[in-house]
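All remarks here apply to the structure that follows.
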Amino acid sequence: GTAAILDRKVGHTQRTILSQPRFASHSHTKGGGLVPTIDGNLLLGPTAVEVPEREDYSTNASALEFVFDHHLKLNKSLKRSDIITYFSGVRACTFEEDFVIKTSDYVANLVHAAGIQSPGLASSPAIAQDVALLAVKALAAVAGRAIQPNAAFDPCRKAPPDLRGMSLEERAALIRRNPSYGRIICRCECISEGEILNTIHSLVPVQSLDGIKRRARAGMGRCQGGFCTPLLLEIMAREQQINIAEICKSGGHSEIALQPTKNAAVDCASEGAGSAALALSAANNSRRQEDYNAG
Numbered sequence: 003g004t005a006a007i008l009d010r011k012v013g014h015t016q017r018t019i020l021s022q023p024r025f026a027s028h029s030h031t032k033g034g035g036l037v038p039t040i041d042g043n044l045l046l047g048p049t050a051v052e053v054p055e056r057e058d059y060s061t062n063a064s065a066l067e068f069v070f071d072h073h074l075k076l077n078k079s080l081k082r083s084d085i086i087t088y089f090s091g092v093r094a095c096t097f098e099e100d101f102v103i104k105t106s107d108y109v110a111n112l113v114h115a116a117g118i119q120s121p122g123l124a125s126s127p128a129i130a131q132d133v134a135l136l137a138v139k140a141l142a143a144v145a146g147r148a149i150q151p152n153a154a155f156d157p158c159r160k161a162p163p164d165l166r167g168m169s170l171e172e173r174a175a176l177i178r179r180n181p182s183y184g185r186i187i188c189r190c191e192c193i194s195e196g197e198i199l200n201t202i203h204s205l206v207p208v209q210s211l212d213g214i215k216r217r218a219r220a221g222m223g224r225c226q227g228g229f230c231t232p233l234l235l236e237i238m239a240r241e242q243q244i245n246i247a248e249i250c251k252s253g254g255h256s257e258i259a260l261q262p263t264k265n266a267a268v269d270c271a272s273e274g275a276g277s278a279a280l281a282l283s284a285a286n287n288s289r290r291q292e293d294y295n296a297g
């Protein structure tokens, strides 16, 4: 299904979740809803279209048009220019039309929670309890003994500082303690360097730009990383002590940079612009072929 995210500036126009029903006269009766998010954006969709490929995350103009036109009936103030990004996801469907909640028969330490689809919103609390029990059983099997609850476990996690949600006085006090919170990296979402450093040095550190985007919302705003991406690359390379060319957008072969432009200029001068361009093209084609073979 395809979903669209609208600019935060129109979030105030919708305070409740609404859905426009489609009846049996249509070939597709589902179509998501108009959903205010906890971060202030509006979410449109998703659609519900069957696809043959299980990793088909492609989007197209017709799906996006349907998502917008279908929900425009619920909020007449929306404009296409309010859309800041859109994406598609794949639901793990089953021919049995039933939930698949069990440990894997083939992969150790893997628990399936598939085939959920639309009922997942209401079922997720109970599904979480079932998955927790399955995880405890799997751990007990590995340990060869019963797993006892940790009486000292604190289920309440202290949230990291959220600069955007603080008062001016709270911001000033935080910046005095840690000046990195005074350097704004993502202007759209008002995300500071301190918040980004929290994600990089957390117990489960981020490994990509999209990881920072999901954890700290840097790059989630109107420009979708157009201004902050170079700064994020610089911070990740510095803190993780890696080359900028090693940083990926979302894992795999999704590198943002190939090499410093100074090196590229030297290559062009020594080998000729045509040779350098052909070399880069050949490298990209080789990488695409590797991805195709792996997929």
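Mind the numbering: the sequence shown is residues 3 to 297 in the working numbering, read in order. By construction, the Cβ of each residue, glycine as well, lies at the ideal position given by its N, Cα and C atoms.
Counting only the same chain and skipping the five closest in sequence on each side, list residues whose C-beta sits under 6 Å from that of residue i.
i    : result
G213 : none
T201 : V208, I214, R217, A218
S90  : T4, Y59, T61
S21  : G35
R224 : D9, I86, C190
A112 : Residue identity differs from the one stated: residue 112 is Leu in this sequence, not Ala. Closer than 6 Å at the Cβ level, and outside the excluded window around L112, lie S106.
Pull up the DSSP beta-bridge partners for residue i, would you.
i    : result
F89  : A5
P232 : In the DSSP output, where bridge partners are listed per residue, P232 has none listed.
V144 : Paired residues: none, contrary to the question.
T263 : DSSP, once it has assigned bridges, lists no residue as partnering T263.
K104 : H114
C250 : S210, E257
Three-state secondary structure (DSSP) at residue i?
i    : result
S126 : helix
L45  : strand
V133 : helix
V53  : coil
H14  : helix
I118 : coil
P163 : coil
P207 : coil
N181 : Here residue 181 turns out to be Pro, not Asn, going by the sequence shown. Looking at P181 - three-state DSSP - the assignment turns out to be helix.
L76  : coil
D212 : helix
V37  : strand
E257 : strand
S60  : coil
S169 : coil
S21  : coil
I193 : strand
A174 : helix
Taking 8 Å as the line, does the beta carbon of residue i fall inside it for any heavy atom of the ligand FAD?
i   : result
P48 : The ligand FAD is not among the ligands present in this structure, which contains no ligands whatsoever.
Roughly how many angstroms separate the alpha carbons of residue i and residue j, rounded to a whole number?
i    : j    : result
S210 : I237 : 12 Å
C95  : A115 : 11 Å
F97  : N43  : 35 Å
T15  : V138 : 45 Å
I85  : L8   : 4 Å
V51  : T87  : 20 Å
Y294 : Q226 : Interpretation of Y294 is limited by its pLDDT of 42, a score under 50 that renders its predicted location unreliable; the figure taken from the coordinates is listed afterwards. Going from the Cα of Y294 to the Cα of Q226 covers about 27 Å.
C188 : H255 : 25 Å
A174 : I193 : 15 Å
I198 : Y183 : 9 Å
G276 : Q261 : Residue confidence is low: G276 scores 48 on pLDDT, short of 50, so the model does not pin down where it sits. No coordinate-derived value is stated.
P151 : A124 : 27 Å
Can you find the residues in the same chain that come closer than 8 Å, C-beta to C-beta, to residue i, ignoring five residues on each side of it along the sequence?
i    : result
K251 : S210, L211, D212, E257, I258
N180 : G196
A148 : A142
D164 : E197
A6   : L45, L46, G47, L66, V69, F70, I85, T87, Y88
With residue i as the anchor, note down where its beta strand (DSSP E) starts and where it stops.
i    : result
I187 : 186-188
Tell me which same chain residues have a C-beta within less than 7 Å of the C-beta of residue i, skipping the five on either side of it?
i    : result
G13  : P38, G42, N43, L44
F101 : G117, I118
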